[in-house]
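Residue numbers (the working numbering), protein chains in the order written: chain H, 1008 to 1426; chain G, 3 to 243; chain A, 6 to 390.
Where is the CB? At the ideal position from N, CA and C, for every residue including glycine.
Predicted, not measured: the structure shown is a model, and the values here were computed from it.
Take a look at the structure below.
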Amino acid sequence: MKTTLAQRNRPSVIVFPDGAWNRSPFAALLQSIAAKHTTGWVTNRPDRTLEGAPAGVQALSPADCDQVDWSRTTAVALHPYWTPFLLPRRPRLLGFCASGSGQTAGSDEHLNKWRDRLGGEASFVLTPSESYYLDLSFRRDGVFVVDGADETSDWFALQALMWAADGTDPLPLARLQQQRREAAYRERMASSGGSAALSFYRSVYLYLLGDAAQAQKELLNAFELSVLGGDEQALARVYRFRSAIQTALGLTAEAAMTYETTAITEQERANAEQLRRRLEAGQADIAAAMLLRWNDDHRGATARLERMLQTEPIEEGGAADQESTAVIQEMLIDSLLQAGRIRQANAKLAEWPSFKIRDRCEYELLRGTACLYEGRRLQAVRAFLRAAELRQEAIGALSELAHIDAATKRLAEGESSHA
Amino acid sequence: MRNARKSSGNKLTVMMQVRNERGRYLEAALAELSELADEIVVVDDASTDGTPELCRSFPKVVRLVELRRPMFGEEWKLRSLLWETAVSTEPDWLLAIDADEFLERRAGRQLRELIDQDRYDWVALRMYDFWGSLTHYRDDLWWNLHRRHTMMLVRYLPGFHYAYPRWDHHVPRLPFTCAALPGLRTELRTKHYGWAGSPEERAAKYERYKAMDPDGRWGSIDQYESILDPAPNLVRWLEEE
Amino acid sequence: MRTISILTHSYIDGYNRKFNRLFGGGLERYIRDLCSVIHAAGWRPVVHQLSYFEAFRTEYEGTEVIGYTYELGKTASAFEAMAEQAEGLLVYASCLWHPIRYRPGSIGICHGINWDHGSIAAGTKDGVAAAFRGALHSLDRVVSVDSHFQTYARAVCEFDDADRIALIPNSVDTKLFLPKAAGGGADGGDDARPARRRKLRVLVPRRLSYERGVITMMLAADELLAEHPDIVVEFAGELVEGTNVAEAFRLWHECHPDGSRIEQRAYTMDEMHLAYRNADIAVIPTVFSEGTSLACLEAMSCGLPVVATNVGGLNDLVTDRLNGLLVPPNSAAIAAAIRELLRDRPLRRKLGKLGRETAISFDVDRWRARWTAVLEAQLAANGML
């Protein structure tokens, strides 16, 4: 395809950095992208940050970003503080390369929160940490891991970036990577003889892939091995996951029984009691959503809850129907928030005029964040002020924004948040 | 949907595997257990001395499985069979006890209180090996089971994953996955009379172990040898009130 | 010469080690004015204060000031230690919410209630109540700067002497804080400049902090600035850098489309009256913690119509629609009150006029006379006169 000079020079993918190119944990991947695609790099200090980068990489200042046609450009963020800058521009695809859970939190209390937020709003996420990868896979689709554990698995991650640089949503590749990783675990277990950890991980992958029956077998194996190994947390940390698997198999009553078996704390017992009541009232679908949520499967839960709302008649029905609709709505909002999908949560709340908002302060904070994502800064500030008027601590949201503004400037100067 | 854990009205079922116990302590055991429990389930491992008939004579024995061929060489199968049979009677709690084991009086009195609660799912007691008499137990290097706890009571939770290790000998009497559930270790005691008989009987047992497990795959050779120790350390038993 | 010893946790700037000047807060101003009253009566004031760093002894405006070191968190025992060294009549000028063992025959001062917010823990409030019960029991007199503490003390403490609490509201120097030259307040008189063309100025004369209502005011300002292209909102107070409030304010100011009509400036004590002179309306949007507001008195003394919230001592000063507008502490109510004043010039004039008269009854000379009387009575009671 012939391209004009202008098109050839226009970057198809622009990277929003965290420190220098050659110090990034994603340098190798970026290198491969830059070899095939015209790549931009947002910085005020190219001398500082592009050392060691391929020659074709174009430096852009944050101001230059206003001239970019984002509907035809993919953005790749290496740091979550770029979120308020990036989201309002609506790039055709937004990839987030997340360095992993909690490592760099250090003294920055806001970092993890924004990592979860961008993790929820990005088109896809890439991370070198398997535990973060799995954690996020329970909240959303389109997550990739690049941890060097397996060549083919890493190749899928690279392909994801390549597709995205081309403007194609890499979503279908995520499942392929999961399949490859599950197979890799199977191979490892065959050659090394297996262990509680390997079985557990394999079970998680099988669950994500939708093979609940096999996932259950593997999980029970993991459970046996962990008990034999003397793991005192085997019941909560391993066995309880069976309740999610059983829910996926459609065995809600059994799943509730499993959950109840593992219920030790007062909160867990109260949860088990709730499950029992819902099942007795014939509300197995609500119980199923609860079970998924208590197993942190917010991805699965939101899918179910959205389906339930589509089929439930909202306006008709008596008090019981209204109560169950309210419960479903509440769970959906909470799961969306747990998945970092703030815009969606906010949109839903706008759709439900009769929804009772328990905490107005939290609601205003949510609205404010959604406004921020849309680039409506003044409205965001106003919402945060309204939140602060209700509760003094909420004033922290404004400090946080000031903090992120300052941090974004530093990132543009080539500084890294990783000390 | 019933609660998984009941704090009152729990049905207590005894599960016991037997092999040629008639003439030893079986009758006394079944009599006492009939007082303490609601039901009794027995698996008879191909006895040749009329043990099954003795069991059947106790009305609380609600299930009796009589094996034609002995299974003790593949103990995990035997354990699993006993377990499956016991849970098929829909028990609330199970007491896994042998034909030559007796709860101390105090333990018998506290049984109901131990199981009528919803906080823990198993109870372990201290097991004492009586040696050569019904008055003294052995306490030395190889014989100190009482310094640890032995799980004997479990709540049956339908749907829970119960599993036995696939060993041929020395398989625990209860599924090992029970250990993951919350449990209680008590100072209550059980008396094991298996070694309380004559030196000849003990010598015979020694021979059986050596034949079964000559290389010490399933148990310790040194422990087998210590059976013949001529001067074991014995301690007098004091029944608590 | 009779000695009157004033015990306080702060006077000379011990926080910044500036031993030749006072820390710039209301308490320190109050003590300075009190020392002036004592001097004028021919008595000798001595100030005993806690020192953040080392002990010191100095003189300020003819008053001996002694600084004591103390252990952080042990305020009560620090005051007890100071009392041991102090001569004459003791005036405990701060920290009455601490469980101090007071010397008999002494006076205490309460500068207002600052725990009047729903979010403050009940346990804290109970502790404060217990401390005040002790104070009312042991002190001969407690001077209250507003009627709210008086009511609180009567409702919470036991005491048999109706005169135990003396209400001496804060004051204002009505000769210094004057309305615009005769011929009208800030909004009238000068026909060469029609009021329509000049922007109306809404003044918020407080340090910018949460309890003083900066958040509520920002929200109210948002509404008003959008509706009225002819107004300016001035936040005349200190903005402490690095605080949450400072960050919030700057963020708001910077992204505001009407940012040019939002001003923020810290005035010195001497310049403050100029701020009032240039303003058309004063707003005291306190959320909690307010004794007799000096800012409110100053604004009223300058003939400015005030919008005040019904918190603490503000209720002592403003009677709704008589000498000001009194509203609950939320942004909607404050905005509505300001809106009304912006549109109603005669109302502004009336409130401003009566505000000035109110201020006169709080004139500093009355305050000085009341304090002199209280001190004299106590000296007599102690046999020290």
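Let me confirm a value: residue i is counted as buried when at least 16 other C-beta atoms fall within 10 Å, else exposed. Which label applies?
| i | result |
| --- | --- |
| E33(A) | buried |
| V245(A) | exposed |
| E1231(H) | buried |
| S298(A) | buried |
| R71(G) | exposed |
| P1087(H) | buried |
| L1226(H) | buried |
| Q1185(H) | buried |
| A197(A) | Since pLDDT at A197(A) reaches only 45, below the 50 mark, its modelled position is unreliable, and the value read off the structure follows with that caveat. A197(A) comes out exposed. |
| A158(A) | buried |
| L136(G) | exposed |
| A6(G) | buried |
| I1364(H) | exposed |
| L346(A) | buried |
| L1339(H) | buried |
| G190(A) | Caution applies to G190(A), whose pLDDT of 44 falls short of 50 and renders its modelled position unreliable; the value that the coordinates give is listed next. By the 10 Å Cβ count, G190(A) comes out buried. |
| I170(A) | buried |
| Q1351(H) | buried |
| G242(A) | buried |
| L127(G) | buried |
| K1043(H) | exposed |
| N223(A) | A small correction: the amino acid at residue 223(A) is Met; Asn does not occupy that position in the sequence shown. Per the 10 Å Cβ criterion, buried. |
| N146(G) | exposed |
Locate the alpha helix (DSSP H) running through residue i, then write down its first and last residues.
| i | result |
| --- | --- |
| G1102(H) | First-last for G1102(H): 1100-1104, but that is the beta strand (DSSP E), not the alpha helix (DSSP H). |
| P50(A) | Per DSSP, P50(A) belongs to no alpha helix (DSSP H); it is in the beta strand (DSSP E), 49-55. |
| L1392(H) | 1384-1397 |
| L1298(H) | 1291-1301 |
| K358(A) | 350-365 |
| M18(G) | Where M18(G) is concerned, there is no enclosing alpha helix (DSSP H), although the beta strand (DSSP E) it sits in stretches over 14-20. |
When you compare the CB positions of residue i and residue j, do they come within less than 9 Å of one another, or not?
| i | j | result |
| --- | --- | --- |
| A1251(H) | Y1214(H) | yes |
| T1268(H) | G75(G) | no |
| P1179(H) | G1155(H) | no |
| G296(A) | G317(A) | yes |
| L14(G) | W95(G) | yes |
| V288(A) | I220(A) | no |
| R371(A) | S176(A) | yes |
| N1278(H) | A1291(H) | no |
| R65(G) | V43(G) | yes |
| R146(A) | I112(A) | yes |
| R266(A) | K180(A) | no |
| T179(G) | V1211(H) | no |
| P234(G) | D142(G) | yes |
| V1153(H) | F1033(H) | yes |
| L1282(H) | A1263(H) | yes |
Can you tell me where the beta strand (DSSP E) holding residue i begins and where it ends?
| i | result |
| --- | --- |
| E239(A) | 236-241 |
| S41(A) | Run containing S41(A): none in the beta strand (DSSP E); it sits in the alpha helix (DSSP H), 31-45. |
| T8(A) | 8-13 |
| V193(G) | Reading the sequence as shown, one finds Lys at residue 193(G) and not Val. 185-194 is the extent of the beta strand (DSSP E) around K193(G). |
Check: Which residues, taken in chain order from the region 177-190 of chain G, show a beta carbon closer than 7 Å to some beta carbon of chain H?
Finding: F178, T179, A181, A182, L183, P184
**OP:** Only counting runs of 3 or more residues, tell me where the beta strand (DSSP E) segments fall wholly within the region 98-182 of chain G, in order along the chain.
**Re:** 103-105, 124-131, 138-140, 152-157
- Counting only runs of 3+ residues fully inside the region 1020-1051 of chain H, write out the beta strand (DSSP E) ranges in chain order. 1020-1023, 1046-1049
Please identify, using Cβ separations under 8 Å, the residues of the region 1376-1395 of chain H that lie next to chain A, in order along the chain.
R1384, L1385, V1388, R1389, F1391, L1392, R1393, A1395
Counting only runs of 4+ residues fully inside the region 265-342 of chain A, write out the alpha helix (DSSP H) ranges in chain order.
277-283, 299-306, 319-322
Cβ-based contacts, 8 Å cut-off: residues of the region 143-169 of chain G near chain H
L159, P160, G161, F162, H163, A165, P167
field: Members of the region 241-260 of chain A near chain H, C-beta cut-off 8 Å
entry: N249, V250, E252, A253, R255, L256, W257, C260
Practice item. For the region 206-229 of chain A, enumerate the residues whose C-beta is nearer than 7 Å to any C-beta of chain H, in chain order. Key: Y215, I220, T221, M223, L224, D227
Could you tell me which whole beta strand (DSSP E) segments of length 3 or greater appear in the region 31-98 of chain G?
41-46, 63-68, 95-98
Along the region 1202-1225 of chain H, where does the CB come closer than 7 Å to a CB of chain G? Name the residues.
none
**Item:** Near-chain H residues of the region 108-137 of chain A - C-beta to any C-beta below 9 Å
**Value:** H122, S124
Given a limit of 8 Å on CB to CB distance, which residues of the region 311-336 of chain A reach chain H? N335, S336
According to a CB-to-CB cut-off of less than 8 Å, which residues of the region 77-111 of chain G neighbour chain H? none
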